[in-house]
Every structure is written in C-alpha cells, then in structure tokens.
Amino acid sequence: MTGRHRHPATRPIAAGAALVAALAVGGLLLAMPTPEPEQAPDRSRAAGPSRLSDAWPKARTGEYDSTLADGASYTPILFLNLTTSVGTAPTLDQERERLLLVAKGRKPRRLGSLPAEVGPGFNGVVSDGERVVWAETVPGSQGVAKTTLWIAEVSGGEARTLTTDTGDVIFFGSQHDLQVVGGRLHWASQPGAGKQKRPATEIRSVPLSGGKVEVRTFDGGYSMAGWPWLASITRGGSEPVTLKRATGGRTVTARPGAGELLTCGARWCRVIVLGDQGRTRLDVMKPNGSARRRVAGGDATPAVVDIMLLGRFEPLTAAARNGSAADQRLLLYDGKTRRTVLVADSLGTVHGRDGFLWWSVGEAEVKRWHVLDLRSL
C-alpha cells in the first residue's frame, strides 16, 4: 500500500536541468567510442524549423482556458480525446486537491479528493477509453506512504476502490507507471519497502473488475516500460540498460558510448552525448543499437520523461532564437521524416502521453492550455 515517487508527474520546462539529472537514473556512462548517428539532410536549419500549421495542415488541436467555472485553476494530466481530459484543481479554499474528469461543454465531474498537504497525491492516471484508473497516495504510519488504486467509468457513476494491495508502488512520472492491458491493470512495486538485501521488483496486476492481485518477483530493479517490457533502473554506474519481458523472459541489452547518458523504453532509447561544456547532442536509437540518429544539438532538452511518443515523436524544449532562457520554445522531432517542427513559443509547462501533447502559454492568472493529437500527424 506504500508508494515511491522517483519523478514528478508534471514538469515545468524551466526544470530542464532536473530532467537531465532524472534521465541519469535510467542511464549510465561507459568507456566506449561514441558512434556517429545516421543523419538525414537538414535543409531547414538556416531558416529555422517549420511551424506546426505548415508542416501538418490537418493537425488536430484544441485550446482551453485553465480556469474552471468555479474559479479554480485546472491542470490536465491525461487527455482521453481533444475535448475530454482528467486533471487536478484545488478547492477554492485551497484545503483539498480534486481529481476531475473535464469534458468540454459539461460540468466537471469529481473523481477523487485529497488533502492538499499530502503532496503528489494523484499518480499514474491512465485510461482504456471506457474507464479511468489512478493511484492515490497519502502519508501512513512511521513515515511510509499508503497507495490505493481507484477506478471510475468514463460514462459516469461513482469511483470505486480497485485494490489496496498495491505494494510499495514505484512512480516515475511516466505514462507506463500504470498500464491497462487485456482487462488487467499492471504496475511495479518494490518488495520489503526497500529494505531487501538484494534489489528486486514486483510486477503486480489486478482485473479491472476487481479481485485478487497477482504478484511476480524479478531479481533486480526495474521500471515499467511499454508492456510487457521492463527497463532496468541504473544509477550512473557501469552497467548497461537491460530490457526484460515480463512474459517470456526475453532480454535486450542497450549500451551507450563514452560520455553518454542512456535511458530506454520498450521501443527506443534516448542518448545524451556529453562534452567538456555539458550536453553536445541528443540522439535516439533502438535498444539493440540500430537506427541511431541525431535529434538535436546541446541547446535542446527532452520535454517529457517518455521517449519517442507513439514510437515516433520526441518533444523538445529550447531557448528562443534570441537566446533568452526565459523564453522557451516547444519543438517536435518526427522520427518518420527526421525533421523538427516548431509547435509553440513562450511556454509554461509541457506534458505528453498516450498520443497527446499539451502545453500552457501565458501567466498563471491568464494561462491557457493547448493540446495536439499526435495521431493526426
């Protein structure tokens, strides 16, 4: 019933340096030659990247005010479609944080509510289109947090407890923290509240209809990647990143070169190449080392934790062309065409998961949310 938070679920672009440090949790440095990535001809660098509307005229987008009808500030943390999202908003007295299902043209529906002081509170929000599942974490006895998994129908009705038998849940702020596959919810936990002598990971699952939790234990520390893959958790040591199938036991080993930080998902790895002055290049490659390609230079930072959304898109943030670090741009690298497109200027916060990319623009009092359906590109 406990929970661990390895990465925040929301990420302001000003915290780009923190993201690079977080990437090192799943990365490492090895004394191997750094390979030169494949590069497609880039004819747009002199003029700058194309804008979203020029690159994809049929892109499906949406725009929303961040202030709800009751005056509360709303932050979406998952989009089900362009007009329906799940997110958080405080009560007007700031005493509680609410988890809301917000559909355009309808009154927001409360899914959950927690005391504001509990911290992250709501984690791992995920949906299969018909149901929304999430974790609620609150302080427990002796400083150990307690996590409960909840489920609610998108169509309506009261939320219900799915299980309290969660173990010491591991949250990385990734879209893969909780995964719905084949009518079951899957997640990773750490046995023994982190007190075991040797690293181990529990992969737990429960039917969405409720019932007994199944537990499988794997030697070593792993995070959830795209199901059924698990990614080894490394701490900047000399070991490679290992991807293991939770079903079947197959493994793939990803190896970085000298002066590199490597983080892997099920389909792609992100490689940050370091030089004397810090980051010099951002690449992606397949876990087996193939299809390596340059994504950006050292001036760009990955905007989200997950790598290559939909197996194709890598969101980036970079300073404006005038060099102002306070004026950030949102860029989108397309692995299919190998081009980078300018999505937005003057950002506040960027999020991306489950086929959607969304970001805020403006000051807190007049902030607006913009969302892009990546499947429409």
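For the sequence shown, position 357 (counting from the first letter as 1) is numbered 358 according to this note's numbering, and the numbering increases by one without interruption.
Just so it is clear, CB atoms sit at the ideal spot from N, CA and C, and this is done for glycine as well.
Item                                                                                                                                                                                  : Value
When you compare the region 193 to 207 with the region 254 to 269, are there three or more beta-carbon pairs, one atom per stretch, that lie closer than 8 Å?                         : no
Label residue 358 either buried or exposed according to how many other C-beta atoms from any shown protein chain fall within 10 Å of its C-beta, with 16 as the threshold for buried. : buried
If residue 98 and residue 91 are in contact, beta carbons under 8 Å, what's the gap, nearest whole angstrom?                                                                          : 6 Å
Since residue 336 contacts residue 309 with CB under 8 Å, what's their CB separation in whole angstroms?                                                                              : 6 Å
With a cut-off of 8 Å on the beta carbons, I'd call residue 219 and residue 245 a contact; round off their distance for me.                                                           : 7 Å
When DSSP builds the beta bridges, which residues end up paired with residue 224?                                                                                                     : 232
In this structure, does DSSP put residue 355 in helix, strand or coil?                                                                                                                : coil
Would you kindly work out how many angstroms separate the C-alpha atoms of residue 25 and residue 370, rounded to a whole number?                                                     : Note that residue 25 has pLDDT 39, beneath the 50 cutoff, so the model's placement of it is unreliable and the number below is only indicative. One C-alpha to the other measures close to 30 Å.
Does DSSP put residue 210 in a helix, a strand or coil?                                                                                                                               : coil
Using a Cβ-Cβ cutoff of less than 6 Å, which residues in the same chain neighbour residue 363 once the five nearest sequence positions on both sides are dropped?                     : 369
In angstroms with no decimal places, state the Cα-to-Cα distance between residue 227 and residue 209.                                                                                 : 19 Å
Could you check what DSSP says for residue 119 in three-state terms: helix, strand or coil?                                                                                           : helix
Tell me the DSSP bridge mates of residue 316?                                                                                                                                         : 333
I need the DSSP call for residue 143, collapsed to helix, strand or coil.                                                                                                             : helix
Please classify residue 193 as buried or exposed, where buried requires at least 16 other C-beta atoms within 10 Å of its C-beta.                                                     : exposed
Starting from residue 124, follow its DSSP beta bridges and name the residues at the other end.                                                                                       : 136
Would you give the residue range spanned by the beta strand (DSSP E) that residue 345 belongs to?                                                                                     : 340 to 345
Can you tell me the Cβ-Cβ gap for residue 251 and residue 312, rounded? I've got them flagged as a contact below 8 Å.                                                                 : About 19 Å separates the two Cβ atoms, so there is no contact after all.
Could you check the C-alpha separation between residue 319 and residue 118 for me, to the nearest Å?                                                                                  : 33 Å
When the Cα of residue 101 is compared with those of 116, 77 and 94, which residue comes out closest?                                                                                 : 77
In terms of DSSP beta bridges, what is residue 191 paired with?                                                                                                                       : 169
Pull up the CB-CB distance for residue 136 and residue 179, whole angstroms please, since I reckon it's below 8 Å.                                                                    : 7 Å
Given that a residue counts as buried once 16 or more other Cβ atoms are within 10 Å of its Cβ, and exposed if not, what is residue 284?                                              : buried
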